[in-house]
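Residue numbers (the working numbering), protein chains in the order written: chain A, 766 to 1025; chain B, 766 to 1025; chain C, 766 to 1025; chain D, 766 to 1025.
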């Protein structure tokens, strides 16, 4: 059963002063998982025979609707998630910091709810994910299943203690004490492979950088701020609600020789 | 001939006051294309028999060197480029805005020097690139060849006038007057496909948003700021040199019906 | 009757694992206007004989309190305000953009709720404030009275139409259509005087800049972003809640000659 | 002798395609200290009889000039300065963080080149400045003299060791190890007075916050980013050259009782 995206467009109103129609507000979007049941948004109920059709545009009284087939990104945004996930802006930057391509072998620890796992798996050749917590691991499994992803290997293991040799191109490290995981990151990576460390606090990055084994080269620490703009007619300003802070990204590279 | 990365590490100096060694300055990195010739940095000359070896660590007097095999990201950073290219932070965000995966068909206009083209090709299934300028097209060709990329189709054509139907999942539009290219973007995309518009000026985004055909849904405009940090010992501050501004990213989605 | 500031400190708790006391949460602050009445926060009731004392520190069961005399900044933060006021970060920048000193004659339009008016009056020699709306004007009057400020001249007038010659050093323009107020700003300023225009939208700044009379020289447009940090023990990160966007500041200077 | 500001306006050129005049480039500004001598910019030489006139507008061949009387802000920007000074954006924020008014007694340590000292003195009732380095102290003296400021008291003393009781409303602390200066800041401030600490590194702020005497209440740490915009015709984008990072501002308040 193909999932669908249902969009109710904002209403258009004729404004006499301007002598033209303007739209008020923004569109409302829902991802519909079960298209064989009726779906109700705040205004109307849409029946299965409409939801199961191919993409089309239709009206309900004064409201206009769009129906689309859901694709990866639509489904991704619907994933079950725990409190804090890596945002899409940071996933994007992680991809280009690590140089991930479709040939890449990627290792990740921990899984969290598996959101980053899913995105990386849709890009890379294979993903190896370490996670100690059973609950997180199960949520990751569910999310992978939901998206039909099968190039992820899950390991219930403590990344501070034990990783395999994966000859990996890239390692994404998102754990509370990244410094403790460095020996395992070294083990998992190929020489020349890169490790991106995601840390909400700068002290965590400091710990890593000021205590780095010779086998890891420090390439830099970066921080991304994303700002959404409100653009419509003569309105042209940043939106008030900001994403606020997410995290700092520290990039290391495994180099030959040196003390690990 | 495998390209190599040669890194000269910063020197360590014993500081009596601190009773420990500290490193002064930062490492220096070179990508070596022709390893069958000697290479000289500011301090030493390294001979081919060293450069052609497998990754290793070696010394020249008081300086320590690392030799790595160059990978995609190393080579990418060495590409020939014209004045202004899309930065890696923006490429990352474009990937996750457009929901690009390894199954994606991506269309791009214009090519510029082909840097974004190369990155997208290493991720997506296939890339179709439109570029009118011969010089830009040639630079793109050279860069694709340099990186052994062969899933890119180049079209010397005016994107304001003429694109093919590609049933594409994603469209990256980086042209001076994006509004004029919208009809062709509609033609190239599948229903539900996304178009990211890269514009240095907000007026260009305004033009698009305030004159949008019904077939394209406006999903938002965003702006990324990247900041590098200087972290070492007790130093913990943003680096003074900023990347400054790059561009605004506007996201559209092709929807069913409506006037194109 | 001196106003007071009452602060309840966060509690300290002994944590056995750390073998030391840590504070939980943040302090809570109230400005007390009527110290001859009891005041209750969420935890305790504080009686007048405590509130009327000189600054001191006292305890109520496990909670520690501080009592201070309220000063200008404490009272300023308590002012009655309408929806949107100029923030302290922007007031600070306006002061240094305009070069305001204690000898300065400052003109302002419109008053809003009079918050900026109050701050400018506590710094400058005199302030002339134009405001058309009766309600805003009354709120400004109340706020000036509350803070005992008497170097502000209020004018109920339309700044698009009518300002006096004030030979002013500085003009703060915070109105919906600043372009329409430029002739009056020219009239109010001395030659060499500066005008700062506060606009939420860039289009408002564009209008001014692209239609500037020769008598006004454009010195630049700037935007300030403020970020608060969370620093405590090993926590070291930007706070999640951002101030978001406030406004753009455009600086003009009145110059001799030219068409007004 | 009144100092003057000489501004050469950018040239206007008729563009046939647009059928209108456009200006190319930006204006060039000079502060003229000695108006009894000829002054040459890159294009013309302006003679004393022109420079000593009242503000006016004049032409030299195809170039248009403006002559203004220099005011405080013009002269301020010409002050002699050592490597690093507190920027105007930060001075503005310091003013509103500390709640400085024209009645305020302000203490400052160290002086640096005296730039902040000069600005604070033009706003506050009196300023007390501590500086240990003779060279810095002399530069501060010169700058104060240049601007005819005489409400600043200079003390050649080590702020880590020795400050007077000033019953000050505000204290600006800009020294390498602010934590060591806290006992003296406590001594200098009135109860309820505020101390702003200016630190390039977050570690310096951390030191203060994690080791605060009870007599000082931590009110927060903030960071300002300023961005200049390029606005002209259809150009509407942030300027590429950023100010980059300046410093973090930490606000403390002296409270009654507690261990100092």
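Every residue, glycine too, gets a C-beta built ideally from N, C-alpha and C.
Check	Outcome
Taking the Cβ atom as the reference point for each residue, do residue 1001 of chain C and residue 971 of chain D lie within a distance shorter than 8 Å?	yes
By DSSP's criteria, residue 841 of chain D is part of a beta bridge. Which residues make up the other side?	Paired residues: none, contrary to the question.
Taking residue 913 of chain A as the query, report the chain B residues whose CB atoms sit under 7 Å from its CB, ordered along the chain.	Correct list: empty, because the minimum Cβ distance to chain B is about 11 Å.
Tell me whether residue 983 of chain C sits in a helix, a strand or coil according to DSSP, three-state version.	strand
Quick one: grab the DSSP three-state call for residue 793 of chain B.	strand
Using beta carbons (cut-off 8 Å, strictly below), is residue 971 of chain A in contact with chain B?	yes
Give the single residue among C:785, C:805, C:986, C:979 whose Cα lies nearest to the Cα of residue 1020 of chain C.	C:979
For residue 930 of chain A, is the classification buried or exposed, using 16 other Cβ atoms within 10 angstroms of its Cβ as the cut-off for buried?	exposed
Using DSSP's beta-bridge definition, name the partner residues of residue 777 of chain C.	C:788
In or out: residue 769 of chain A buried (at least 16 other Cβ within 10 Å) or exposed?	buried
Would you kindly report the start and end of the unbroken beta strand (DSSP E) that includes residue 1003 of chain B?	1000 to 1003
Where does residue 986 of chain D land, buried or exposed, given buried means 16+ other C-beta within 10 angstroms?	buried
With residue 1020 of chain A as the anchor, note down where its beta strand (DSSP E) starts and where it stops.	It is not in any beta strand (DSSP E) - residue 1020 of chain A carries neither H nor E in the DSSP assignment.
Just checking: is the beta-carbon of residue 1013 of chain B within a distance shorter than 8 Å of some beta-carbon in chain A?	yes
Note down the Cα distance separating residue 867 of chain D from residue 861 of chain C, rounded to an integer number of angstroms.	15 Å
Which of the three DSSP states, helix, strand or coil, is assigned to residue 903 of chain A?	helix
Mind checking residue 918 of chain D: buried by the 16 CB within 10 Å criterion, or exposed?	exposed
Alpha carbon to alpha carbon, what distance is there between residue 951 of chain C and residue 777 of chain D?	23 Å
What in chain A is Cβ-close to residue 860 of chain B, meaning under 7 Å?	857, 860
If you draw a straight line from the alpha carbon of residue 830 of chain A to that of residue 772 of chain A, how long is it in whole angstroms?	6 Å
Quick one: give me the first and last residue of the alpha helix (DSSP H) that residue 968 of chain D is part of.	967 to 974
Taking a Cβ distance cut-off of 7 Å, strictly less, list which residues of the segment 956 to 969 of chain B are near chain D, in chain order.	965, 966, 967, 968
Using 10 angstroms around the beta-carbon of residue 1025 of chain B, count the other beta-carbons present and answer buried if the total reaches 16, otherwise exposed.	exposed
Please list, in chain order, the residues of the segment 970 to 997 of chain D that have any C-beta partner in chain C closer than 8 Å.	970, 971, 974, 975, 982, 985, 986, 987, 988, 989, 990, 991, 992, 993, 994, 996, 997
For residue 821 of chain D, return the contacting residues in chain C, with the cut-off set at a CB-CB distance below 8 Å.	1021, 1022
Between the Cα of residue 965 of chain D and the Cα atoms of D:949, D:896, D:791, D:1010, which residue gives the shortest distance?	D:1010
Suppose you measure from the CA of residue 997 of chain B to the CA of residue 794 of chain D; what does that come to, to the nearest Å?	40 Å
Does the Cβ of residue 1005 of chain C have 16 or more other Cβ atoms within 10 Å, making it buried, or fewer, making it exposed?	exposed
Can you pull the chain C residues whose beta carbon is under 8 Å from the beta carbon of residue 1001 of chain D, in chain order?	967, 971
For the beta strand (DSSP E) containing residue 894 of chain A, list its first residue and its last residue.	891 to 895
If you draw a straight line from the alpha carbon of residue 827 of chain A to that of residue 800 of chain A, how long is it in whole angstroms?	23 Å
Check whether chain A comes within 8 Å of residue 816 of chain B, counting only Cβ atoms and requiring the distance to be less than that.	no
Threshold first: 3 residues or longer. Then list the beta strand (DSSP E) segments lying entirely within the segment 798 to 872 of chain C, N to C.	821 to 825, 828 to 834
CB residue 909 of chain C to CB residue 840 of chain C, shorter than 8 Å?	no
So which residues of chain B does residue 789 of chain A contact, with C-beta pairs closer than 8 Å?	Ordered by position in chain B, no residue passes the 8 Å Cβ test against residue 789 of chain A, which lies about 15 Å from the chain.
Count the C-beta pairs between the segment 812 to 819 of chain C and the segment 841 to 851 of chain C that are closer than 8 Å, then say yes if the count reaches three, no if not.	no
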